[in-house]
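Here the sequence shown stands for residues 2 to 92, numbered as in our numbering. For reference, the structure is listed below as C-alpha cells.
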Amino acid sequence: MHAETGRKALFVNRGSTTRPAGLTDRENEALPPLLIDHIWSPEYQVRLWWRPGTLSFWDNRPTRRYAVADHTERRRMHRGTINAFPEQADR
Numbered sequence: 002m003h004a005e006t007g008r009k010a011l012f013v014n015r016g017s018t019t020r021p022a023g024l025t026d027r028e029n030e031a032l033p034p035l036l037i038d039h040i041w042s043p044e045y046q047v048r049l050w051w052r053p054g055t056l057s058f059w060d061n062r063p064t065r066r067y068a069v070a071d072h073t074e075r076r077r078m079h080r081g082t083i084n085a086f087p088e089q090a091d092r
C-alpha cells in the first residue's frame, strides 16, 4: 500500500516472486507471468530523453524502472533523496 495515497500496490518481479499467497497451482502458473508482462506494456512506460540539464523526479515506491543502454555519450548523473517523513529519519 502506498504510504501517502493509501492506494494498493503489487510488488512483483521475475527474480524474486515465487508464489503469491493463497493461489492455487493453476492460478500460480498463470497470474505472476501475466502481471510481470503487464508492467512492460508501453501504456505504463515513460521514456525520458536525456539532454544536458535534464531533471526528473519520480516516486520510488510504486515505480518500476529499467534503464535502456541506448546512448553512446557519457552522462553525468546525481541522485538525491527527498525525505518526506522526517520523523522516520532515524530508521
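Glycine included, each C-beta is placed from N, C-alpha and C at the ideal position.
DSSP places H3 outside both helix and strand once states are collapsed to three, so it counts as coil. With a cutoff of 8 Å on beta-carbon distance, P63 and A4 are scored as not near each other.
Boundaries of the alpha helix (DSSP H) around L36: D26 to H39. With contacts defined by Cβ atoms closer than 8 Å, I40 and R65 form a contacting pair.
Taking the CA atoms as reference points, A22 sits about 20 Å from D38.
Contact check for W51 against R76 passes: the beta carbons are separated by less than 8 Å.
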